[in-house]
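All remarks here apply to the structure that follows.
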Amino acid sequence: MASLPARTLFTAEEYITQERKAFHKSEYLNGQIFAMSGASRAHSLITSNISNRLYNQLVASDCEVHSSDMRVQPSPIAYFYPDVVVACGEPRFEDDVFDTLLNPVVIVEVLSPSTAACDRGEKFSHYKQLISSQDYILVSQYKVCVEHHWRQNQHWERTEFCAPEDVMSLISIGCEIPLHDIYRRVAVSE
131 MASLPARTLF TAEEYITQER KAFHKSEYLN GQIFAMSGAS RAHSLITSNI
181 SNRLYNQLVA SDCEVHSSDM RVQPSPIAYF YPDVVVACGE PRFEDDVFDT
231 LLNPVVIVEV LSPSTAACDR GEKFSHYKQL ISSQDYILVS QYKVCVEHHW
281 RQNQHWERTE FCAPEDVMSL ISIGCEIPLH DIYRRVAVSE
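Adding 130 to a residue's 1-based position in the sequence shown gives its number in my numbering.
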């Protein structure tokens, strides 16, 4: 019987030190480091479309919109790079390097076959731990379909939008995003 290779686990501090020197982004969960792959054209367009739409609506507010390069620490054992993240008020960071956000209000993940299960399950369970987190949005890149999870007191509610004429309202930041804007120039099934 062949033996399994030893699994190397890293502390959060080791991850951060390594990540800040790395040429490519990685996420961290419970001691394991996961390399991130490049994005498809659809993924990139959807991320840009959402980011641009939110930025244009929030430009005169106290909110900041970041796309895919702002790391978020939702719990002591997790570091993720959401596709789009919005922070309002005074942003809080892990340390004085200002590259790990601790208080996002809106988090958006564009789904891919390799990440969908984790985005819906493990990541969402960690994002829920953030007191600041009010909206969690999962966007399909293959069909017009957006899952909007929002905090309602102590519980999370869910709505799904699957028509180009649908408009998703983000009450927490006072924004609306029509699905036809999310999927602008993206070839998807309806």
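From the three backbone atoms N, C-alpha and C, an ideal C-beta is built for every residue, glycine too.
Go through its chain and collect everything with a Cβ distance to residue i's Cβ below 8 Å, but skip five positions before and after it.
{"i": "residue 310", "result": "294 and 295"}
{"i": "residue 195", "result": "181, 184, 185, 188, 214, 215 and 216"}
Cβ atoms of residue j and residue i: under 8 Å apart, would you say?
{"i": "residue 284", "j": "residue 242", "result": "no"}
{"i": "residue 204", "j": "residue 256", "result": "yes"}
{"i": "residue 176", "j": "residue 240", "result": "yes"}
{"i": "residue 201", "j": "residue 232", "result": "no"}
{"i": "residue 160", "j": "residue 237", "result": "no"}
Kindly indicate which three-state DSSP category residue i falls into: helix, strand or coil?
{"i": "residue 299", "result": "strand"}
{"i": "residue 134", "result": "Only weak support exists for where residue 134 lies, its pLDDT of 48 falling under 50; the value from the coordinates is given anyway. In the structure shown, residue 134 sits in coil (DSSP, three-state: anything other than H, G, I, E or B)."}
{"i": "residue 315", "result": "coil"}
{"i": "residue 305", "result": "strand"}
{"i": "residue 273", "result": "strand"}
{"i": "residue 222", "result": "coil"}
{"i": "residue 238", "result": "strand"}
{"i": "residue 292", "result": "coil"}
{"i": "residue 310", "result": "helix"}
Quick one: residues in its chain with C-beta nearer than 7 Å to the C-beta of residue i, no 5 flanking neighbours on either side, listed in chain order?
{"i": "residue 292", "result": "274 and 275"}
Skipping 5 residues on each side, what residues in its chain have a beta carbon closer than 6 Å to that of residue i?
{"i": "residue 131", "result": "Bear in mind that a pLDDT of 43 at residue 131, under 50, signals an unreliable position, so the number given afterwards is only what the model happens to contain. For residue 131, where only same-chain residues beyond five positions count, there are no Cβ hits under 6 Å."}
{"i": "residue 133", "result": "Bear in mind that the predicted position of residue 133 carries a pLDDT of just 49, short of 50, making it unreliable; the figure below should be weighed with that in mind. For residue 133, where only same-chain residues beyond five positions count, there are no Cβ hits under 6 Å."}
{"i": "residue 307", "result": "183 and 298"}
{"i": "residue 165", "result": "156"}
{"i": "residue 142", "result": "none"}
{"i": "residue 146", "result": "none"}
Residue range of the alpha helix (DSSP H) that residue i falls in?
{"i": "residue 142", "result": "142-151"}
{"i": "residue 188", "result": "171-188"}
{"i": "residue 209", "result": "That residue, residue 209, is in no alpha helix (DSSP H); its beta strand (DSSP E) goes 208-210."}
What does the alpha-carbon distance come out to for the pair residue i and residue j?
{"i": "residue 144", "j": "residue 297", "result": "42 Å"}
{"i": "residue 179", "j": "residue 305", "result": "14 Å"}
{"i": "residue 290", "j": "residue 140", "result": "37 Å"}
{"i": "residue 223", "j": "residue 150", "result": "15 Å"}
{"i": "residue 266", "j": "residue 209", "result": "16 Å"}
{"i": "residue 189", "j": "residue 288", "result": "27 Å"}
{"i": "residue 318", "j": "residue 213", "result": "19 Å"}
{"i": "residue 315", "j": "residue 170", "result": "13 Å"}
{"i": "residue 286", "j": "residue 138", "result": "35 Å"}
{"i": "residue 219", "j": "residue 163", "result": "31 Å"}
If you follow the beta strand (DSSP E) that residue i is in, where does it begin and where does it stop?
{"i": "residue 228", "result": "No beta strand (DSSP E) contains residue 228, which DSSP labels as neither H nor E."}
{"i": "residue 262", "result": "Run containing residue 262: none; DSSP gives neither H nor E here."}
{"i": "residue 167", "result": "Segment: none, residue 167 is in no beta strand (DSSP E) and carries neither H nor E."}
{"i": "residue 255", "result": "Where residue 255 is concerned, there is no enclosing beta strand (DSSP E), although the alpha helix (DSSP H) it sits in stretches over 254-257."}
{"i": "residue 203", "result": "201-205"}
{"i": "residue 159", "result": "156-159"}
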